[in-house]
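Per our numbering: the sequence shown = residues -5 to 481. Just so it is clear, CB atoms sit at the ideal spot from N, CA and C, and this is done for glycine as well. Predicted, not measured: the structure shown is a model, and the values here were computed from it. Report on the following structure.
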Amino acid sequence: MADEKVNEIEPSLGALDEKIARTLGDRVILKPLTRWNEAYKEFPRYVMEYLVSRYVEPSNPVDGQKKIDRILSEHYSESAKKELIKSRIKERGQYTLLGQLSVRLDQSRDHYWANVPALGDDTVRVAQKVLAQYGDVLLTSGAWGTMEIEYDGTYEIKSRKFPFYIREFTPLQYTRLNLDDFVDKRVEFTADEWLDLLIQSIGFNPAKFERRVKLLMLLRLVPFVEANFNLIELGPRETGKTYTFRNTSNRAFVVSGGKATPATLFYNKASRKLGVIGLKHLVFFDEIANTNFDDAEASISVLKDYMQTGKFSRGDQEFSAPCSVVLGGNIDTNLELKQPEVGYKHLFAVLPEELQDPAFLDRIHAYLPGWEMPKIRPENYATGYGLLTDYMAEIFAELRRRNFQTHVNAWVDFGNMTGRNQDAIKKTAAGLLKLLHPHRSPDTLASDEIHPLMELAVEMRRRVTDQLAKILPTEFSNVQYGFKLTR
């Protein structure tokens, strides 16, 4: 790794970057610092950003980057090497491992078990002090971190040995969270500056994009801040869809063009474990055209009901969940005109046949026109400061608990719009308001702040019903979308 190449990642900073660093301090990071080694693409962005924020000095990054190289080479192992890692723990008595960790309560044994993918073992014992300190996150979304694992071959339950024991755990995440402080910091920025900060925070250079594209990038983040929000984005390849949903929060789960079953999505009756929709804040179906829904009739029926009510039933049990559902995929695009190629009967035509059900599609709150999104190339990557990804993810999780639909209700008269269309638009506009104007109350919001977001929300919902009108014209023709601001 040549020093001159490393030093290229520290650009001359502009006025906005200096303001971001001055105002937000240790909650931001110089984004290019995390991209010096292509071998680390497998790590979630928030893991690399945590390590960089701890060990790398922007003015002299080389020493810190070498230290991170050493830490990862010594303490991170892929699950394919699980038998080797188990052997090291046994032979040395203890071992420091960097990786994912989650915890579950085994009610039948009245015992907490840790799941450590690097060991391929979900019955690892965990110290009570680890549960006391980090139980909230480990029992819900799980976390990446460094863990001290000991070996004790004498511990057994009903003649079965459970030798691995997590004595210490240090999460690779931002822990000093204060949402009110974050909201107060927003006051220091203009709306355009804040929008650019958010675009840099998800890894892209706002100077490369028009405002329209930046708002569409922001729309991708609405499922992170608005519970039970259903979004679809179809467009060309390499526009950053998967990158955004895989790297923005560990509370998101990506289903990558494989098999989706009721057990993995909702509830496994055999193991009595909730599926990803019951555990995560967001599930992204990547390459949706290639997703195979096992037991399609049951899976899609449950998913359709969940997308409408936020509830699902398995057997005699009913569950509620706040998880947002995002469908992503590719559609043939005229890149020069920035529009889908002609020949599609409708813009849902690339979905699996079983998803082209009008009742299912009507549950989608917003259709993001992915054909307008530019290809993401290295020259479009962020060059300045952005929020630490893990800090941003925790802020997004807190914003989910705040109701900004009250802002929309206070400002908007929906006229003759149907209830379902109103709900979709309210959720989209509320999510955008949380992201752009988290410091506003209904009384302090301005018309020039809410009006463009309402227009965008209407456009995204109208695209859904316009396509449904091509599938079922008797029901979805002449849909009314007139609204006016009441203040």
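(message) In the DSSP assignment, the beta strand (DSSP E) including H105 goes from what residue to what residue?
(response) Here residue 105 refers to the residue found at position 111 of the sequence shown. Counted as a single uninterrupted DSSP element, the beta strand (DSSP E) harbouring H105 occupies residues 105 to 110.
(request) Would you give the residue range spanned by the beta strand (DSSP E) that T117 belongs to? (result) Reading the sequence shown from its first residue, position 123 is the one you call residue 117. Counting along the chain, the beta strand (DSSP E) containing T117 begins and ends at 115 to 120.
(request) Could you tell me which residues DSSP puts in a beta bridge with W138? (result) Working through the sequence shown from its first residue, we reach residue 138 at position 144. Partner(s): Q94.
(request) Kindly indicate which residue of N54, Q59, P52 has the alpha-carbon position closest to the one of M42. (result) As a working mapping, residue 42 is identified with position 48 in the sequence shown. Here the closest residue by C-alpha is Q59.
(message) Taking 8 Å as the cut-off, does the segment 118 to 126 touch the segment 49 to 68 (at least 3 CB pairs, one atom from each stretch)?
(response) no
(request) Kindly provide the ranges of any beta strand (DSSP E) runs that are 3 or more residues long and lie completely inside the segment 372 to 409, ordered along the chain. (result) DSSP assignment within the segment 372 to 409 yields the following whole beta strand (DSSP E) runs of 3 residues or more, N-terminal first: 379 to 381.
(message) Looking at Q88: is its Cβ nearer than 8 Å to the Cβ of E142?
(response) By 1-based counting over the sequence shown, the position of residue 88 is 94. By 1-based counting over the sequence shown, the position of residue 142 is 148. Against a cut-off of 8 Å, the Cβ pair of E142 and Q88 comes out as a contact.
(request) Could you check what DSSP says for T521 in three-state terms: helix, strand or coil? (result) Nothing can be reported for residue 521, as the shown portion of the chain is limited to -5 through 481.
(request) For the alpha helix (DSSP H) containing R161, list its first residue and its last residue. (result) The residue given as residue 161 occupies position 167 in the sequence shown. R161 -> not in any alpha helix (DSSP H); beta strand (DSSP E) instead, spanning 158 to 165.
(request) Output the distance between the C-alpha atoms of W405 and W365, rounded to the nearest integer angstrom. (result) Mapped onto the sequence shown, residue 405 falls at position 411. Mapped onto the sequence shown, residue 365 falls at position 371. Going by the C-alpha atoms only, they are around 32 Å apart.
(request) Grab the span of the alpha helix (DSSP H) containing R501 for me, first residue to last. (result) Since the first and last residues shown for the chain are -5 and 481, residue 501 lies out of range.
(request) Within 10 angstroms of the Cβ of S71, are there 16 or more other Cβ atoms? Answer buried if so, exposed if not. (result) The residue you call residue 71 lines up with position 77 of the sequence shown. Result: buried.
(request) Put D174 into one of helix, strand or coil per three-state DSSP. (result) The count along the sequence shown starts at 1 and reaches residue 174 at position 180. In the structure shown, D174 sits in a helix (DSSP, three-state: H, G or I).
(message) Which of the three DSSP states is assigned to A463 in this structure?
(response) For the purposes of this step, residue 463 is taken as the residue at position 469 of the sequence shown. A463 carries a helical assignment under DSSP once its states are collapsed to helix, strand and coil.
(message) On the DSSP bridge list, what partners appear for Y155?
(response) Taking the first residue of the sequence shown as 1, we reach residue 155 at position 161. Inspection of the sequence shows that residue 155 is occupied by Lys rather than by Tyr. According to DSSP, which records beta bridges pairwise, K155 is partnered with E150.
(message) Judging by CA-CA distance, which residue of L209, D175, D174 is the nearest neighbour of L493?
(response) Here the chain has residues from -5 to 481 only, and residue 493 is not among them.
(message) Please report the straight-line C-alpha distance between T233 and P217, rounded to a whole angstrom.
(response) Your numbering for residue 233 matches position 239 in the sequence shown. Your numbering for residue 217 matches position 223 in the sequence shown. So the alpha carbons of these two residues sit roughly 18 Å apart.
(request) Grab the span of the beta strand (DSSP E) containing F313 for me, first residue to last. (result) As a first step, residue 313 must be located in the sequence shown, where it is residue number 319. Element bounds for F313: 311 to 314.
(message) Going by DSSP, what residue range makes up the beta strand (DSSP E) through F306?
(response) Within the sequence shown, numbered from 1, the residue matching residue 306 stands at position 312. That run of the beta strand (DSSP E) goes 305 to 308.
(message) Which of the three DSSP states is assigned to E4 in this structure?
(response) Along the sequence shown, one-based indexing puts residue 4 at 10. With a pLDDT of 47 at E4, under the threshold of 50, the predicted position of this residue should be treated as unreliable, and no value is reported.
(message) Quick check on the burial criterion: 16 or more other C-beta atoms within 10 angstroms. Buried or exposed for N415?
(response) Taking the sequence shown and counting its residues from 1, the one referred to as residue 415 is at position 421. When all chains shown are included, N415 counts as buried.
(request) Grab me the residues of T238's own chain with a C-beta within less than 7 Å of its C-beta, minus the 5 sequence neighbours each way, in chain order. (result) In the sequence shown, residue 238 corresponds to position 244, counting from 1. Closer than 7 Å at the Cβ level, and outside the excluded window around T238, lie I196, R214.
(request) Give the single residue among N109, Q127, D186 whose Cα lies nearest to the Cα of F156. (result) Start at 1 with the first residue of the sequence shown, and residue 156 comes out as number 162. The candidate whose alpha carbon is nearest that of F156 is N109.
(request) Identify whether E505 lies in helix, strand or coil by the three-state DSSP scheme. (result) Only positions -5 to 481 of the chain appear in the structure, and residue 505 is not among them; the question remains open.
(message) Which same chain residues end up closer than 6 Å to G476 when comparing Cβ atoms and leaving out the 5 residues on each side of it in sequence?
(response) Position 482 of the sequence shown, counted from the start, is the residue given in the question as residue 476. Only G409 meet the Cβ criterion.
(request) With a threshold of 16 other CB atoms inside 10 Å of the CB of Y106, please say whether the residue is buried or exposed. (result) Taking the sequence shown and counting its residues from 1, the one referred to as residue 106 is at position 112. By the neighbour-count rule (16 or more Cβ atoms within 10 Å), Y106 is buried.
(message) For the alpha helix (DSSP H) containing E12, name the first residue and the last one.
(response) In the sequence shown, counting from the first residue as 1, residue 12 sits at position 18. 9 to 18 is the extent of the alpha helix (DSSP H) around E12.
(request) Take V177 as the anchor and find which of V248, D115, L18 has the nearest alpha-carbon. (result) The residue you call residue 177 lines up with position 183 of the sequence shown. The shortest Cα separation from V177 among V248, D115, L18 belongs to L18.
(request) Flag this pair as yes or no: are the beta carbons of L362 and E449 separated by less than 8 Å? (result) Against the sequence shown, residue 362 aligns to sequence position 368. Against the sequence shown, residue 449 aligns to sequence position 455. The answer is no: Cβ separation not under 8 Å.
(request) Using the Cα positions of V473 and H445, report the straight-line distance between them to the nearest angstrom. (result) Residue numbering aside, residue 473 sits at position 479 when the sequence shown is read from its first letter. Residue numbering aside, residue 445 sits at position 451 when the sequence shown is read from its first letter. The straight-line gap from Cα to Cα measures roughly 20 Å.
(request) Within the same chain, show all residues whose beta-carbon is closer than 6 Å to that of P383, passing over the 5 residues directly before and after it, in chain order. (result) As a working mapping, residue 383 is identified with position 389 in the sequence shown. It is Thr, not Pro, that sits at residue 383 in the sequence shown. Correct list, in chain order: R39, Y40, E43.
(message) Taking 8 Å as the threshold (C-beta atoms), are D115 and F158 in contact?
(response) By 1-based counting over the sequence shown, the position of residue 158 is 164. By 1-based counting over the sequence shown, the position of residue 115 is 121. Yes; because the gap between Cβ atoms is below 8 Å, this pair is in contact.
(message) Using a Cβ-Cβ cutoff of less than 8 Å, which residues in the same chain neighbour P352 once the five nearest sequence positions on both sides are dropped?
(response) Here residue 352 refers to the residue found at position 358 when the sequence shown is read from its first residue. Answer for P352: L462, I465, L466, E469, F470, listed in chain order.
(message) Just to confirm the assignment, what range does the alpha helix (DSSP H) spanning L189 have?
(response) In the sequence shown, the residue the question calls residue 189 occupies position 195. Here the alpha helix (DSSP H) through L189 covers 185 to 195.
(message) Tell me the rounded alpha-carbon separation between K478 and G304.
(response) Position 484 of the sequence shown, counted from the start, is the residue given in the question as residue 478. Position 310 of the sequence shown, counted from the start, is the residue given in the question as residue 304. Their Cα atoms are separated by approximately 29 Å.
(request) Reducing DSSP to helix, strand and coil, say where D(-3) ends up. (result) One-based indexing of the sequence shown puts residue -3 at position 3. Because the pLDDT at D(-3) is just 41, under 50, the model does not fix this residue reliably, and the point stays unresolved.
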